[in-house]
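**Q** These protein sequence lines map, in sequence, to chains A and B.
Quick note: the first sequence uses my numbering, first residue 17, plus one each step.
Quick note: the second sequence uses my numbering, first residue 1441, plus one each step.
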Amino acid sequence: MTNSAADPVLSVADLRVTFGERTEAVRGMSLSVARGETHCIVGESGCGKSVTSLAVMNLLPRGAARSAGHIRFHGRDLMGLSEREMARLRGDKIAMIFQEPMTSLNPAYTIGSQMAEVFERHRRAGRRAAMDRAAELLARVGVTAPGMRLGQYPHQLSGGLRQRVMIAMALMCDPELLIADEPTTALDVTVQAQILRLLQKLQQELGLALLLITHDLGVVARMAQRVSVMYAGQVVESGPAAAVFAAPTHPYTRGLLACIPVPGTVRRDEPLGSIPGMVPRIAPGFIGCGFRDRCGSAMPECAGAVPLRDAGGGHTHLCRLLPDATRAPGA
Amino acid sequence: MFVSTAARTGWRLPPVRHLATLLGALIVGVAVVVALLAPYVVPHDPFLQDLNQRLIPPMWMDGSQPEHLLGTDQLGRDYLSRLIYGTRISMLIGVMTVVMSGLIGITLGILGGFYGGRMDDLVMFLITCRLAIPLILVALTVVALVGSSLTVVSLTLGLLLWDRFAVVARTTTMQVRTLDYIAAAKAAGASRLHILLREVLPNIVVHLIVVATLEMALAILLEAALSFLGLGVPPPLPSWGLMIAEAKDYMFFSPWVIMIPGIALFVLVMGINLLGDGLRDLLGADLKR
Chain A
17 MTNSAADPVL
27 SVADLRVTFG
37 ERTEAVRGMS
47 LSVARGETHC
57 IVGESGCGKS
67 VTSLAVMNLL
77 PRGAARSAGH
87 IRFHGRDLMG
97 LSEREMARLR
107 GDKIAMIFQE
117 PMTSLNPAYT
127 IGSQMAEVFE
137 RHRRAGRRAA
147 MDRAAELLAR
157 VGVTAPGMRL
167 GQYPHQLSGG
177 LRQRVMIAMA
187 LMCDPELLIA
197 DEPTTALDVT
207 VQAQILRLLQ
217 KLQQELGLAL
227 LLITHDLGVV
237 ARMAQRVSVM
247 YAGQVVESGP
257 AAAVFAAPTH
267 PYTRGLLACI
277 PVPGTVRRDE
287 PLGSIPGMVP
297 RIAPGFIGCG
307 FRDRCGSAMP
317 ECAGAVPLRD
327 AGGGHTHLCR
337 LLPDATRAPG
347 A
Chain B
1441 MFVSTAARTG
1451 WRLPPVRHLA
1461 TLLGALIVGV
1471 AVVVALLAPY
1481 VVPHDPFLQD
1491 LNQRLIPPMW
1501 MDGSQPEHLL
1511 GTDQLGRDYL
1521 SRLIYGTRIS
1531 MLIGVMTVVM
1541 SGLIGITLGI
1551 LGGFYGGRMD
1561 DLVMFLITCR
1571 LAIPLILVAL
1581 TVVALVGSSL
1591 TVVSLTLGLL
1601 LWDRFAVVAR
1611 TTTMQVRTLD
1621 YIAAAKAAGA
1631 SRLHILLREV
1641 LPNIVVHLIV
1651 VATLEMALAI
1661 LLEAALSFLG
1671 LGVPPPLPSW
1681 GLMIAEAKDY
1691 MFFSPWVIMI
1701 PGIALFVLVM
1711 GINLLGDGLR
1721 DLLGADLKR
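Printed below as a string of C-alpha cells:
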C-alpha cells in the first residue's frame, strides 16, 4: 500500500460515542491524518477530544458505546476488528501517549523492562534485542545515559524524563500513527517546549502521522498542519492550521482566540476575552448548535439543523453563518 | 559501639518498633529452620513411649532428667521432641493455608475489583457467604464425614480462610485499575491476563503480604483449636493443640505439660504478627517514596 497524501493513515467518519441514554460525548466526528502530518484536536475539557482518541483505539470505558461510518487505518476498517486483532495493532502500528507521565509508568517495573515488554510482545523479540532497542530509542529521545536509565524505576525519574520515556516506549515498534493525548499538559512550561520540539523532530524523521490532542491553542499553533476545533462532541471548525488561525470562521474558535493574551495587542487595563456560560450536557437526539446558548450571534434558527459551511481549501465550519459573516469584528 | 553502628547504617525507624520486627523475624526464622530440620534436631523419637518415664518435669524443676530438657508427657514421650515436630505441623498448616486461601482469595479479589459490575457482585456475594459460614461447625462436619487428617485440616482451612485476601485484593485492585499505567498497558496491546498478573498484581502484592502473615497466624491458632477439640490433626501426631488437649487432664499436678505447648503457640503467633506489622510499616514507608 502506498502512503500518498491522498491515502490518509487514519480516517474517521461520523464517529459517535454515547454513555448510556443521557450523554452523547462525540457526535458525528470526522477527521483524517496523513503520513507526516500533525492533526490537532483542540477544545475545552469535556468536549470529547480524549473520548475520540479512546474510541479510535477501542479503549472506551465500560458503559460507552461507539458507532462510526468508518474508522480506517491504512484503508482497513478498525470497526470490524476483533479485540485480539485490535490488541495486535495497539502499541505496534498505533501507539498512544498519555497526559500524566507521573502515573503512566508502572511503579513496579524498571524503565527498561517496561519498554522491552512492548517490543517482545509485538515483535517476538528476545530480551536482549528489546533492551538494545530501548537503549537506542532512549538516546534518540534525548535521555542521557540510557543504559543507566533502563535499570531505574519510574519514581527515580523527573516528569519530563518520564514523558520522554513514554514517547520512546511508544516508538518501540515503529508505529505509523501516534496518538498523543495532552502530552505536555502535566509538565512545566520549559519542559513542555522541549517535549513539543522532540515530538516535532521525531515526527519529521520518522514520517509519523501524529494525532495531537490538546486544549492549548499555543501548542496547536506551534505543531499542527491541520486542526479540528471540537465543541460539545462536534468538530465545529476544521482546516489547515494557518487558515484557521488567520481567519477563524466559527464563533467558538473566534472566542477561543480572543482569550489568548498577545503581547502588544492586549492592554493591561483591558480584560481578556472570555466565553460566557458552560458547555451544555448533550443527550442523544440533541438538535441544533451546541454553542447557541453562549454565542453572540445566536438566532432562533440555531435551534434547528446546522449546515456545514466551506470556506475553501479544506477549511470548513459548522454554523449557520457564512464564512464572511463571522469575520466581522465583535462576537 | 552500638551508637557508631546505628550512625553508620543510618537507621531512622523508632527503635522499639524496629526491635519488635527483628524479634518477629527471628522467631519466625527459628520456627522455619526447626520445622525444616525437625528430624535432625530432635533429641529423641517423638513417638517413642516409655511408661516408666511418664510426666518427668522440665529442666528448671525438681526431679528433672538431663536427657529430657522439657520433660516427658503422660506416655513418657520426650516433650522437646514433640514440641519440635509440632512446629513442623503448625508451620505446614500455616503455609499450606496461606498458599491455598491466597490463591482463591487473590484471584476472586482481583477479578471482582478489576472488572466490577456483575463480576464484583458475584465476588462480594461469595465473600458474604464465606463470612456467614461458621468455621468450627464446617470443620466438625467435614471430620465427621471424611475423618481427620493433616490433609483434611489444611484443605478445610485453606478453602475457608480466603475472605480477607479477597477483600484486600479487591479494594487495592480498585485503587490500581483506574491508574494511567493500566490504560497505557492496554494502549500498548497488553492482554487481559497480562494486565491482571503483570500490571495489577505486583502493585497490590505489598498489601497481600501483610494479609498473608495475619492469615498464617490465624490458621496456626485455628489448627490448634481444632486439634484441641479433636477435629484436627489425629494422634499420635504432635500438634501443639493436640498436646494441650492431651495435657489438660494432668494440668493440676504437672502444669508444664499444658504450659509448654501453650507458650510455644503464643510465641510463634506473636512472632508472625510482629513480623507482619513490621513489614506493613516498612513496605508502607517504601510505597510513599
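Even glycine gets a Cβ: it sits at the ideal position worked out from N, Cα and C.
Below 8 Å, can you find three or more Cβ-Cβ pairs linking the segment 290-298 of chain A to the segment 221-234 of chain A?
**A** No contact exists between the segment 290-298 of chain A and the segment 221-234 of chain A.
**Q** Could you compute how far the alpha carbon of residue 189 of chain A sits from the alpha carbon of residue 1478 of chain B?
**A** Translated into positions along the first sequence, residue 189 of chain A becomes position 173. Translated into positions along the second sequence, residue 1478 of chain B becomes position 38. Answer to the nearest angstrom: the Cα atoms are 55 Å apart.
**Q** Here's the rule I'm using: 16 or more other beta-carbon atoms within 10 Å means buried, otherwise exposed. How should residue 262 of chain A be labelled?
**A** Here residue 262 of chain A corresponds to residue number 246 of the first sequence, with the count starting at 1. With fewer than 16 other Cβ atoms within 10 Å, it is exposed.
**Q** Considering only residues of the same chain and omitting the five flanking positions on each side of residue 319 of chain A, which have a CB-CB separation below 6 Å?
**A** Residue numbering aside, residue 319 of chain A sits at position 303 when the first sequence is read from its first letter. These residues qualify, in order along the chain: 304.
**Q** Which chain B residues are close to residue 112 of chain A, counting only those with a beta carbon under 7 Å from its beta carbon?
**A** As a working mapping, residue 112 of chain A is identified with position 96 in the first sequence. Within 7 Å Cβ-Cβ: 1627.
**Q** What are the partner residues of residue 253 of chain A, as DSSP defines its beta bridges?
**A** Along the first sequence, read from residue 1 onward, the residue named residue 253 of chain A stands at position 237. According to DSSP, which records beta bridges pairwise, residue 253 of chain A is partnered with A/245 and A/333.
**Q** On the DSSP bridge list, what partners appear for residue 112 of chain A?
**A** Translated into the one-based positions of the first sequence, residue 112 of chain A becomes position 96. In the DSSP output, where bridge partners are listed per residue, residue 112 of chain A has A/195.
**Q** In terms of residue numbering, what span does the alpha helix (DSSP H) encompassing residue 1652 of chain B cover?
**A** Within the second sequence, residue 1652 of chain B is the residue found at index 212, counting from 1. It spans 1641-1668 - the alpha helix (DSSP H) in which residue 1652 of chain B sits, taken as one unbroken run.
**Q** From this set, A/201, A/161, A/31 and A/124, which residue's C-alpha is nearest residue 115 of chain A's C-alpha?
**A** As a working note, residue 115 of chain A is residue 99 in the first sequence. Here the closest residue by C-alpha is A/201.
**Q** List the whole-angstrom C-beta distance separating residue 84 of chain A from residue 95 of chain A, where the pair is believed to meet the contact cut-off of C-beta under 8 Å.
**A** Taking the first residue of the first sequence as position 1, residue 84 of chain A is located at position 68. Taking the first residue of the first sequence as position 1, residue 95 of chain A is located at position 79. At roughly 6 Å, the Cβ-Cβ gap stays under 8 Å, so residue 84 of chain A and residue 95 of chain A are in contact.
**Q** What are the residues that DSSP puts in a beta bridge with residue 231 of chain A?
**A** Within the first sequence, numbered from 1, the residue matching residue 231 of chain A stands at position 215. Looking at the DSSP assignment, residue 231 of chain A forms no beta bridge with any residue, so it has no partner.
**Q** Measure the C-alpha to C-alpha separation of residue 1490 of chain B and residue 1570 of chain B and round it to an integer number of angstroms.
**A** By 1-based counting over the second sequence, the position of residue 1490 of chain B is 50. By 1-based counting over the second sequence, the position of residue 1570 of chain B is 130. Approximately 45 Å, taken between the alpha carbons.
**Q** Short check: CB of residue 1475 of chain B to CB of residue 1531 of chain B, under 7 Å?
**A** Here residue 1475 of chain B is taken as the residue at index 35 of the second sequence, counted from 1. Here residue 1531 of chain B is taken as the residue at index 91 of the second sequence, counted from 1. For residue 1475 of chain B and residue 1531 of chain B, yes; Cβs fall inside 7 Å.
**Q** Output needed in chain order: residues of the segment 191-204 of chain A with a Cβ under 9 Å from some Cβ in chain B.
**A** The residues in question are 195.
**Q** Where are the alpha helix (DSSP H) runs, 4 residues long or more, that stay fully inside the segment 25-89 of chain A, in chain order?
**A** Listed in chain order, the complete alpha helix (DSSP H) runs (minimum 4 residues) inside the segment 25-89 of chain A are 65-73.
**Q** Under a three-way DSSP split, which group does residue 310 of chain A fall into?
**A** As a first step, residue 310 of chain A must be located in the first sequence, where it is residue number 294. The answer is coil: DSSP assigns residue 310 of chain A none of H, G, I, E or B.
**Q** Could you check how far apart the C-beta atoms of residue 184 of chain A and residue 212 of chain A are, in whole angstroms? I think they sit under 8 Å.
**A** Here residue 184 of chain A refers to the residue found at position 168 when the first sequence is read from its first residue. Here residue 212 of chain A refers to the residue found at position 196 when the first sequence is read from its first residue. No, residue 184 of chain A and residue 212 of chain A are not in contact; Cβ-Cβ is about 16 Å, not under 8 Å.
**Q** Give me whichever residues DSSP pairs with residue 1505 of chain B in a beta bridge.
**A** For the purposes of this step, residue 1505 of chain B is identified with residue 65 of the second sequence, where counting begins at 1. Looking at the DSSP assignment, residue 1505 of chain B forms a beta bridge with B/1508.
**Q** Helix, strand or coil for residue 1711 of chain B per DSSP?
**A** Against the second sequence, residue 1711 of chain B aligns to sequence position 271. Note: residue 1711 of chain B maps to helix in three-state DSSP.
**Q** With a CB to CB cut of under 6 Å and the five nearest residues on each side skipped, what residues in its chain are close to residue 100 of chain A?
**A** Translated into positions along the first sequence, residue 100 of chain A becomes position 84. Contacts found: none.
**Q** Specify the secondary structure class of residue 124 of chain A as computed by DSSP and reduced to three states.
**A** Taking the first residue of the first sequence as 1, we reach residue 124 of chain A at position 108. In the structure shown, residue 124 of chain A sits in coil (DSSP, three-state: anything other than H, G, I, E or B).
**Q** Ordered along the chain, which non-local residues of its own chain (more than five positions away) have a Cβ less than 6 Å from that of residue 1487 of chain B?
**A** Start at 1 with the first residue of the second sequence, and residue 1487 of chain B comes out as number 47. So the list reads 1676, once near-sequence residues are dropped.
**Q** Assuming residue 193 of chain A and residue 49 of chain A form a contact by the criterion Cβ under 8 Å, report the distance between their Cβ atoms to the nearest whole angstrom.
**A** Along the first sequence, one-based indexing puts residue 193 of chain A at 177. Along the first sequence, one-based indexing puts residue 49 of chain A at 33. 7 Å between Cβ atoms; contact.
**Q** Going by DSSP, which residues form a beta bridge with residue 326 of chain A?
**A** Here residue 326 of chain A is taken as the residue at index 310 of the first sequence, counted from 1. Per DSSP, A/332.
**Q** Considering only the alpha carbon of each residue, which of A/58, A/55 and A/71 lies closest to residue 35 of chain A?
**A** Counting from one through the first sequence, the residue named residue 35 of chain A turns up at place 19. Of the candidates A/58, A/55 and A/71, the one whose C-alpha sits nearest the C-alpha of residue 35 of chain A is A/71.
**Q** Measure from the C-beta of residue 180 of chain A to each C-beta in chain B and report whether the shortest distance is under 7 Å.
**A** For the purposes of this step, residue 180 of chain A is taken as the residue at position 164 of the first sequence. By this cut-off, residue 180 of chain A is not an interface position.
**Q** Can you check whether the C-beta of residue 1551 of chain B is within less than 7 Å of a C-beta belonging to chain A?
**A** The residue given as residue 1551 of chain B occupies position 111 in the second sequence. Not one chain A Cβ lies under 7 Å of residue 1551 of chain B.
**Q** In the DSSP output, what is residue 1494 of chain B paired with across the bridge?
**A** As a position in the second sequence, residue 1494 of chain B is number 54, starting the count at 1. In the DSSP output, where bridge partners are listed per residue, residue 1494 of chain B has none listed.
**Q** Quick one: what's residue 1561 of chain B bridged to in DSSP?
**A** Translated into the one-based positions of the second sequence, residue 1561 of chain B becomes position 121. Partner(s): none; residue 1561 of chain B has no beta bridge.
**Q** Quick one: Cα of residue 55 of chain A to Cα of residue 196 of chain A, how far?
**A** Translated into positions along the first sequence, residue 55 of chain A becomes position 39. Translated into positions along the first sequence, residue 196 of chain A becomes position 180. Approximately 10 Å, taken between the alpha carbons.
**Q** Would you mind reading off the limits of the alpha helix (DSSP H) that contains residue 1612 of chain B?
**A** Position 172 of the second sequence, counted from the first residue, corresponds to residue 1612 of chain B. From DSSP, the alpha helix (DSSP H) with residue 1612 of chain B extends over 1603-1617.
**Q** Between residue 1682 of chain B and residue 1666 of chain B, what straight-line distance do the alpha-carbon atoms span, to the nearest angstrom?
**A** What you label residue 1682 of chain B is simply residue 242 of the second sequence in a count that begins at 1. What you label residue 1666 of chain B is simply residue 226 of the second sequence in a count that begins at 1. About 9 Å.
**Q** Since residue 199 of chain A and residue 169 of chain A are thought to touch, with beta carbons under 8 Å apart, how far apart are those beta carbons, to the nearest angstrom?
**A** Residue 199 of chain A sits at position 183 when you count from the first residue of the first sequence. Residue 169 of chain A sits at position 153 when you count from the first residue of the first sequence. Contact doesn't hold; Cβ gap of about 22 Å is too wide.
**Q** With distance defined between alpha-carbon atoms, name the residue in B/1525, B/1494, B/1468 and B/1529 nearest to residue 1590 of chain B.
**A** As a position in the second sequence, residue 1590 of chain B is number 150, starting the count at 1. Of the listed residues, the one whose Cα sits closest to residue 1590 of chain B is B/1529.
**Q** Reducing DSSP to helix, strand and coil, say where residue 97 of chain A ends up.
**A** Position 81 of the first sequence, counting from 1, holds the residue named residue 97 of chain A. Note: residue 97 of chain A maps to coil in three-state DSSP.
**Q** According to DSSP, simplified to helix, strand and coil, what is residue 1732 of chain B?
**A** Residue 1732 of chain B lies beyond the stretch modelled for chain B, which goes from 1441 to 1729, so this question has no answer here.
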